[in-house]
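Peer 1: A single structure is presented below for examination.
4 protein chains.
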Amino acid sequence: MDRLLRRYRIKSRLPRECLAEFFGVYVLILFGCGSVAQVTTSQNTKGEYLSINLGFALGTTFGIYIAKGVSGAHLNPAVSVSLCVLGRFSWTRLPFYVCSQLFGAFLAAATVALQYYDAIMDFTGGHLTVSGATATAGIFSTYPADYLSLWGGVVDQIIGTAALLVCVLALGDAHNTPAPAGLEPVLVGAAVLVIGISMGSNSGYAINPARDFGPRLFSYIAGWGDEVFRAGHGWWWVPIIVTCVGALLGSLLYELLIGVHHPDSEAVDHEDPTAALQQTVEMEGAQSFDTIKENKKSGIFSITSADVG
Amino acid sequence: MDRLLRRYRIKSRLPRECLAEFFGVYVLILFGCGSVAQVTTSQNTKGEYLSINLGFALGTTFGIYIAKGVSGAHLNPAVSVSLCVLGRFSWTRLPFYVCSQLFGAFLAAATVALQYYDAIMDFTGGHLTVSGATATAGIFSTYPADYLSLWGGVVDQIIGTAALLVCVLALGDAHNTPAPAGLEPVLVGAAVLVIGISMGSNSGYAINPARDFGPRLFSYIAGWGDEVFRAGHGWWWVPIIVTCVGALLGSLLYELLIGVHHPDSEAVDHEDPTAALQQTVEMEGAQSFDTIKENKKSGIFSITSADVG
Amino acid sequence: MDRLLRRYRIKSRLPRECLAEFFGVYVLILFGCGSVAQVTTSQNTKGEYLSINLGFALGTTFGIYIAKGVSGAHLNPAVSVSLCVLGRFSWTRLPFYVCSQLFGAFLAAATVALQYYDAIMDFTGGHLTVSGATATAGIFSTYPADYLSLWGGVVDQIIGTAALLVCVLALGDAHNTPAPAGLEPVLVGAAVLVIGISMGSNSGYAINPARDFGPRLFSYIAGWGDEVFRAGHGWWWVPIIVTCVGALLGSLLYELLIGVHHPDSEAVDHEDPTAALQQTVEMEGAQSFDTIKENKKSGIFSITSADVG
Amino acid sequence: MDRLLRRYRIKSRLPRECLAEFFGVYVLILFGCGSVAQVTTSQNTKGEYLSINLGFALGTTFGIYIAKGVSGAHLNPAVSVSLCVLGRFSWTRLPFYVCSQLFGAFLAAATVALQYYDAIMDFTGGHLTVSGATATAGIFSTYPADYLSLWGGVVDQIIGTAALLVCVLALGDAHNTPAPAGLEPVLVGAAVLVIGISMGSNSGYAINPARDFGPRLFSYIAGWGDEVFRAGHGWWWVPIIVTCVGALLGSLLYELLIGVHHPDSEAVDHEDPTAALQQTVEMEGAQSFDTIKENKKSGIFSITSADVG
């Protein structure tokens, strides 16, 4: 059987990375939006707000376990973009990553709708609405609270996404206190958890364009209509544009307050004398287990730093 | 005392594996169904839906800690079957594993009924029913929500079990981001947790034939009667047949999207030059600590790959 | 300052172990009973049943972090006794351990009463009762649910304590899937958590004579009166006697189903060629860091095995 | 871009440490007070008391990940002070650390107020009050429960802060059961979680002068008025003075009951023969990765012990 599967093996690197980003985001949204669907359609009898936070957190964790060894697990266009601006990811690769992420989120939303079809029909009586007592559009994408002004929402998304990037960069900083190899996915999940616990009530902490736009597009097509774009004074674009600004801000903050001050380069060499070799290996698309170990050690920037070289 | 116990030592491998699968599933169900019993009989005063999710998650975690070093801790016939189809577990061993798993689940259900006998009698007034205000059959096995169609249930169980396998395979993939040695049980438990949080409300996420059928059989014998098989338009067979399909689908998805594309074999040798030796050792049923370490590293497939050889 | 403290240094081993057991249990009860006090006096507004489970779980975790490196962190007379019966802990040491554990629990109960004095007075209006709407004796020790028969309670405590020992032994079994060094305390805490989630509603999962009797004694002296001993048809002795039976049963179950069947001794030598040396070192009471590391690897039995030698 | 950022690089050690302490506390309060703001303004619909506990716990975790490798991550003036008294941190450095911590907490409170501006205005109708149905001052700093006497509050804060230090010292004690490298931040977060679960209802577990005074100062300036200082019979000074006493008490307790009795010095040398070298390196402000690893191993005292030398 393994031999049979081998036939479908893809050797070139970019397609493999796109598959990983696609599948990682797919699992992230499958668990994340799934938990919202469960809490919504069971009317809080089979879950609470905290379980939604856990759904997105563990969704992120397993999404990263699926993609990290192959693509570095950005799983978030805002992350990919900020890495590009920082010169740590190649602009040429960006569109491929972003499309894969969006498609994964879109398909996952469709899967959630399929799995909860009976539940949604029973809960809404067949009326798919964005607002009201039996609103279900919130299962798929985020909508701002009634009290939230547009600028309030912009600030909310900037702070939230910046907080995400600060945590992710700290966890992956080999000169600081890096997360143990193999546990980064759990700790990035914990970051998503605490953001949901402390920044979730204003506008549902999208902090990820793919997580928000992919499912929104699906809900538009699947019968919730263009209200999904008109709701919240046309909220839909905020989680797309603003999160990228927030991600960049967070990256700069971490680098300027912590990252750039490390007494490093030598230390780095110390850390892995074989780095150079490994990157070459990586260039050739043949990733040795050592490289993977190394990737794990130096976190989100590891693979991407190779891209630039 | 230790010397005394040594007398009962079993040297041959299969019986030891069966004992491990039996005991692992026993603990999984003891904690899992126990948490449902606590929430049900205390009428949500001593627990909530989230604590049921935690009960099955941590039950899985400790079930794996008990069995992993000996049998690889399938603890789930759907997992064993899909491993066989993938050619990673021997068909001849399958029936022994499945029977041990079923027996463990059955006995654990009996233990839960014993521990909660007074509570169930007090809560139900002695009327053991499958539905209604004081229904208690749900302590043991899963029943679909009223709104759920048969096909909806089939889709629900396929997606749920597929999600489980995808997470388990990712956690054990030495070429991706494998879980740290000794923490796989915790992370597989986390996968069960998030599945319960995001896919639990439709039909109670059986995602494991043994977990569902063993306790159902017990509840049938113990006084809940044949309603346990008739309920939900004869739901009982879905968690048995469909979960196997889902497990296989999940395995194929992970392999086709991630697994087969790893630039590997050399890397594997890199990873453990002694693998060959170890497998021989294993064949002879004498498992060195190194092998165990190795097993931990390459996760669920490690021991089983040896079986095929 | 460090030099000043050094003056009080104790060199002989037993007193150090007693201090560790005392302090470990003290912290366990301080957090555990403290969480009950918080939920009780705040009338569930600042916590829920799940937070009580977390309080005892994390209390256990930090109790073990405090004591493990010195005394092996039994923190539970039932554990110590079953280790003696299995010939893995010396009977001569038993009374010292048990007294330290009891005293730690007693003093911790007093501390909780001091910290929550105003809260308890405000909540009860000064009437310290064992039952009724403003009962507060449950802050300190366990009481069976009204529906629970004596035999039901005995069964409940046997199963609960057996489950605890099975999990602890699995986590410490170097031939199975041992918990990673330094994380055993967290995982034993997780075992306490899941026991509280799945076996807590019948009689409050004492599963530890010291945890139950120490605080009960305090509540008797501190003004709750002899009702603390008469309540639940004289429940008080069950968590003392029965938990020891349960602990022994659990140990035997794990050993007979898993432990004794490991194809081991050689493997052990493999694992640590220096074990012999270390034990000698240990005998002399001078514990090298290697020994401590080794202890961590082979878990609860490590230090104690040395005792027998 | 990296090269551009490098321009802003600071080489001398103290300023880098101050930046780290500032940023670490900033993130701690951003998540901690943010979770209170979410629960308060959503009136418990988007969170519960447990999620506030999680907010401060994970806030601490990520604050430590951000600062630990640079400053040792005190993040708490009470911790810094008690380290000074124990002679493990230099008095000359103390004021710089404390000011950075305070400023971080102040700025984080301002950020939370900005992010939740619309929510607070909507919830309070623009009336910023310290008490009453729509009180919001509790978002920023702690206030005692109505029933709590001043002495009760003093005892509460002493016990809480002492418990924190005991846990932190145990986690960092290389001769006991130290937390695994890279997971100390998670485990210190767990200590904060259990303190919130078991000691939170009396006065909101400040256990950190910066966490309480920084945000209180902000709320005073931002429109809550001098009531923030008058409330609770002038409670404000208790979390500042008393927590330092508690931290010192906790440190002494751990050292006198556990720490000083370790049969050590040799063991230490065993543990890292290169310690001396590393400290020299550290002195020169050039911190090699090995040093950082070592720091992680010996926890909170590692960097600071170097300071004294």
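Chains as they are written, first to last, in my numbering: chain A, 1 to 309; chain B, 310 to 618; chain C, 619 to 927; chain D, 928 to 1236.
Glycine is no exception: its CB is placed at the ideal position from the N, C-alpha and C atoms.
Quantities reported herein were computed from a predicted structural model and do not represent experimental measurements.
Give the straight-line distance between the Cα atoms of Val699(C) and Phe714(C), rounded to the nearest whole angstrom.
Peer 2: Answer to the nearest angstrom: the Cα atoms are 12 Å apart.
Peer 1: I'd like to know whether the C-beta of Ser969(D) is nearer than 8 Å to at least one C-beta of chain C.
Peer 2: no
Peer 1: By the criterion of Cβ-Cβ separation under 9 Å, what are the contact partners of Asn485(B) in chain A?
Peer 2: Ala20, Tyr65, Ile66, Ala67, Lys68, Gly69, Val70 and Ile292
Peer 1: Can a CB atom of chain B be found closer than 8 Å to the CB of Gly55(A)?
Peer 2: yes
Peer 1: Under 8 Å by Cβ, that's how I've got Ala162(A) and Leu253(A) pegged, so tell me the actual separation to the nearest angstrom.
Peer 2: 7 Å
Peer 1: Alpha carbon to alpha carbon, how far is Cys553(B) from Ser510(B)?
Peer 2: Near 20 Å, if we compare the C-alpha coordinates of Ser510(B) and Cys553(B).
Peer 1: What in chain C is Cβ-close to Phe340(B), meaning under 7 Å?
Peer 2: Val812 and Ser816
Peer 1: Quick check on Thr795(C): does DSSP put it in helix, strand or coil?
Peer 2: coil
Peer 1: Among Val716(C), Gly677(C) and Ala828(C), which residue has its Cα nearest to the Cα of Leu1091(D)?
Peer 2: Gly677(C)
Peer 1: Just the C-alpha distance for Pro942(D) and Leu1176(D), rounded to the nearest angstrom, thanks.
Peer 2: 30 Å
Peer 1: If I'm right that Ala78(A) touches Tyr143(A) with Cβ under 8 Å, what's the distance once you round it to whole angstroms?
Peer 2: That belief does not hold up - the Cβ atoms of Ala78(A) and Tyr143(A) are roughly 19 Å apart, past 8 Å.
Peer 1: If the criterion is Cβ atoms closer than 8 Å, does the pair Ile120(A) and Phe950(D) meet it?
Peer 2: no
Peer 1: Closer than 8 Å by beta-carbon distance: list the chain B residues that pair up with Asn820(C), in chain order.
Peer 2: Gln424, Tyr425, Asp427 and Ala428
Peer 1: Does the beta-carbon of Gly1150(D) have 16 or more other beta-carbons within 10 angstroms, so that it is buried, or is it exposed?
Peer 2: exposed
Peer 1: Give every residue of the same chain whose Cβ lies closer than 6 Å to the Cβ of Val1064(D), excluding the five residues on either side of it in the sequence, and list them in chain order.
Peer 2: Going by the sequence as given, residue 1064(D) is Ala instead of Val. The residues Val1057, Ser1146, Trp1151 and Val1155, in chain order, have a CB closer than 6 Å to that of Ala1064(D) in the same chain once the five nearest residues on each side in sequence are set aside.
Peer 1: Tell me, to the nearest whole angstrom, how far the beta carbon of Asp1139(D) is from that of Pro1105(D); I am working on the premise that it is less than 8 Å.
Peer 2: Not confirmed; about 30 Å, so no contact.
Peer 1: Which residues mark the beginning and the end of the alpha helix (DSSP H) in which Lys995(D) is found?
Peer 2: That run of the alpha helix (DSSP H) goes Tyr976 to Ser998.
Peer 1: Applying a beta-carbon distance threshold of less than 7 Å, which residues of chain A neighbour Leu1110(D)?
Peer 2: Pro180
Peer 1: Just list the alpha helix (DSSP H) runs in the region 94-149 of chain A, keeping only unbroken ones of 4 residues or longer that don't cross its boundaries, in chain order.
Peer 2: 94-115 and 117-124
Peer 1: For Val336(B), go through chain C and note every residue whose CB falls closer than 9 Å to its CB, in chain order.
Peer 2: Ala781, Val784, Cys785 and Ala788
Peer 1: Taking any Cβ of chain A, which residues in the region 528-541 of chain B have a Cβ under 8 Å from it, in chain order?
Peer 2: none
Peer 1: Enumerate, from N- to C-terminal direction, the unbroken alpha helix (DSSP H) stretches of 4 or more residues contained entirely within the region 482-570 of chain B.
Peer 2: 493-508, 518-528, 536-543 and 547-566
Peer 1: Using a Cβ-Cβ distance under 8 Å, would His383(B) count as near chain A?
Peer 2: no
Peer 1: Could you tell me which chain A residues have their CB closer than 8 Å to the CB of Val463(B), listed as they occur along the chain?
Peer 2: Correct list: empty, because the minimum Cβ distance to chain A is about 11 Å.
Peer 1: For His745(C), return the contacting residues in chain B, with the cut-off set at a CB-CB distance below 7 Å.
Peer 2: For His745(C), no chain B residue has a C-beta closer than 7 Å to its own C-beta; the minimum C-beta separation is roughly 23 Å.
Peer 1: When we look at the beta-carbon of Gly814(C) and count the other beta-carbons within 10 Å, is it buried (16 or more) or exposed?
Peer 2: buried
Peer 1: Count the other C-beta atoms from every protein chain shown that fall within 10 angstroms of the C-beta of Glu282(A), then say buried if there are 16 or more, exposed otherwise.
Peer 2: Reliability fails at Glu282(A), whose pLDDT of 37 lies under 50, so the model's placement of it is uncertain and no value is given.
Peer 1: So Pro833(C) and Phe758(C) are in contact, right, with Cβ under 8 Å, and what is the actual spacing, rounded?
Peer 2: 4 Å
Peer 1: Starting from the C-beta of Leu768(C), find all residues in its chain whose C-beta is less than 7 Å away, skip the five residues before and the five after it, and write them out in chain order.
Peer 2: His851
Peer 1: Using only the alpha-carbon positions, how far apart do Tyr667(C) and Ala727(C) sit?
Peer 2: 19 Å
Peer 1: Have a look at His571(B) and His484(B) and give me their C-alpha separation to the nearest angstrom.
Peer 2: 7 Å
Peer 1: Under 7 Å Cβ-Cβ, which residues of chain C neighbour Glu1182(D)?
Peer 2: Going along chain C in sequence order, the residues near Glu1182(D) (Cβ under 7 Å) are Leu623.
Peer 1: Just reading off the alpha helix (DSSP H) that Thr967(D) is part of, what are its end residues?
Peer 2: Arg940 to Thr968
Peer 1: Are Ala808(C) and Ala675(C) touching if we call contact CB-CB under 8 Å?
Peer 2: yes
Peer 1: Does the beta carbon of Val242(A) sit closer than 8 Å to a beta carbon anywhere in chain D?
Peer 2: Using a CB distance cut-off of 8 Å, Val242(A) does not count as an interface residue toward chain D.
Peer 1: For Met508(B), is the classification buried or exposed, using 16 other Cβ atoms within 10 angstroms of its Cβ as the cut-off for buried?
Peer 2: buried
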